[in-house]
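Working notes, beginning with the structure itself.
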Amino acid sequence: MARAGLDAVWISDPANVRAVSGFSSGKDGKVLVTQGAATLYTDARYTVQAAEESPLDAFIARPPATLEHAAPGLAGLRVGFEADHLTVAALEDLRDHWPQVTLVGVQGLVQSLRAVKTPGEIQAVRDAQALADRVFAEVRPLIEAGARELDLASEIELRLRRAGAQSAFDLIVASGPRGAMPHGVASDRVIQDGDLVTVDMGAQLRGYHSDMTRTVAVGTPGAEMARVYRAVLEAEEAAVRAVKPGVRAADLDRLARDILTGHGLGEAFAHSLGHGVGLEVHEAPSLRGTSDDVLQPGMIITIEPGAYLPGVGGVRIEDLVLVTEDGYEVLSVSPKELL
Ligand SMILES: CSCC[C@H](N)C(=O)N1CCC[C@H]1C(=O)N[C@@H](C)C(=O)O
C-alpha cells in the first residue's frame, strides 16, 4: 500500500478476498485493509463460516450498510480499489457512499503477493496435483478408439468429485483435428484410431488448483503429428530445465518458442508458455513474451508449449513446476508419451 501511495485498499476480487482473509466464499465477501487493521465484510449467510475460517474482524451486513460502516474511518484517505475486477456499477456505489475518499484504481496489488506461495499453499497445490495424477492414471486406459471425449471428461470429473475435489476448469479433451483448438473442451467426438488426444486437466482441492496436460496417441499417429509431438516435447523439457530463480519469464517463453520455430512451428504456438497456479488456475507470474515477471522461489508455474495445426490436429504438453531455491521441482508426475 505504501509503495502504491495508498492509505487503504478495498479488496473485492474473490481470490484476493480469500488470500488475505481465509474466507472461502470470496465472491460474497470484501476486505477493507487499512494501516494496521483489516475487516472482512460479508452477509448473514456466512456468519458462522466467516468466524470459522477467518482471523479477521467480520462485519456482517449487506451493501450499502457495509459501505456506510466503512465510510467514517476512510474520510480524507486515498483508498485503492481493484480496477481489474470492480464493475463500473460497484465503483459508482463506492463513489456515492464514500464522497470524501480519493479512490485510486490499482492492478495486481494482491496478485503480486500471491505469486510466491507459502509452504501451506505449496502443499495444497501439491495435493491437488497428486490427485490429478492419480485420476489421470486411472483414466488413461479409457483413452481409446471408440470412446467419446465427453465420456472421458465425465470419468475424470466423477473421480475428482469422489476424492473430495472438483475439476479446476472445464476439461479440455481434444482429439484428432480438434487438437488444433488450445481450449477445445470435451465434445461428443468419438476418438479414432491414429488420433492424438490432448487432455488438459486440473483438480481444485481446498481452494487450490493444479494444471497439467498430456497428449496421448491412440494407435499409431501419422508421421507429421509424431514429428510435431517430438518438437513440443523438446521445447517443454528444455523450458522446464531452464526454470530457476532469477530467470525472466519472457526469456523462458522465448526459449521454448525458438525451439518450436526451429522446427517450423513458431506460428503454430498460439499462446503463452505458461502461468502461475494457486487460488486461481491463471495467476501471476505470466510466462509470456511481454511479461516483466522474474521467477522467485515459491512460485508455482506451468510450462505448456503447444503446436496447433488447423484442420490437422495439435499437441500440448504441460507440467506444473515449483520454483525452488536452486532450480525447480516438477509436481506433475504423469508419464509423457514417447512418439
Ligand atoms: C481454461 S483454463 C486452461 C488451462 C490450460 N492449461 C491453460 O492454461 N492453457 C491451455 C492452452 C493455453 C493455456 C492458456 O490458457 N494460457 C493463457 C494464460 C494464455 O493467455 O496464453
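94 is the number of the first residue of the sequence shown in the working numbering; add one for each residue after it.
Each residue gets a CB set at the ideal place from its N, CA and C atoms; glycine is no exception.
Approximately 6 Å separates the beta-carbon atoms of P398 and L366; this is inside 8 Å, confirming the contact. Within its own chain, the residues whose Cβ lies closer than 6 Å to the Cβ of A279, once the five positions on either side in sequence are excluded, are E242, L243, A246, L264 and V266, listed in chain order. The beta carbon of H190 lies closer than 7 Å to those of P157, L160, E161 and A164 in the same chain, with the five residues before and after it left out. In this structure, the CA atom of L358 is about 8 Å from the CA atom of V321. The closest CA to that of S303, considering only I352, V283, D346 and D412, is found on D412. In this structure the stretch 201–214 does not touch the stretch 281–293; the number of beta carbon pairs closer than 8 Å is below three.
Secondary structure at S379: strand, using DSSP grouped into helix, strand and coil. Secondary structure at Q128: coil, using DSSP grouped into helix, strand and coil. In the structure shown, the three-state DSSP call for I249 is helix. CA-to-CA, the gap between G201 and D385 works out to about 13 Å. With a cutoff of 7 Å, F362 does not count as near ligand 1, since its C-beta is closer than that to no heavy atom of the ligand. Following the DSSP letters along the chain, one finds Y401 inside the beta strand (DSSP E) bounded by residues G399 to L402. Nearest in C-alpha terms to V124, of all of A137, E175, R171 and R96, is E175.
Apart from the 5 residues on each side of it in sequence, L353 sits with its Cβ closer than 8 Å to the Cβ of A324, V325, A328, G359, A361, F362, P398 and A400 in its chain, given in chain order. Annotation for V311: no alpha helix (DSSP H) segment contains it, and DSSP assigns it neither H nor E.
Note that the C-beta distance between V194 and G173 is not below 8 Å. Beta-bridge partners of D293 (DSSP): I265 and T306. Three or more Cβ pairs drawn from the stretch 221–233 and the stretch 246–257 lie within less than 8 Å of each other, which places the two stretches in contact. The three-state reading of DSSP puts Q222 in helix, counting H, G and I together. Put simply, of R409, P107, S105 and E373 the residue whose alpha carbon is nearest the alpha carbon of E330 is R409. Taking the Cα of M94 as reference, the smallest distance to any Cα among G269, E248 and T127 is reached at T127. Across the set G129, S147, M274 and T180, the C-alpha of T180 shows the shortest separation from the C-alpha of D106. According to DSSP, residue pairing for R341 in a beta bridge involves V387. Of the candidates E185, L424, V414 and V405, the residue whose Cα lies closest to the Cα of E317 is V405. With respect to the 8 Å criterion, A130 and V113 are not classified as neighbours on the basis of their beta carbons.
Counting the other Cβ atoms within 10 Å of the Cβ of D346 gives 16 or more, which makes it buried. Checking the 7 Å criterion, the Cβ of T308 is out of range of every heavy atom belonging to ligand 1.
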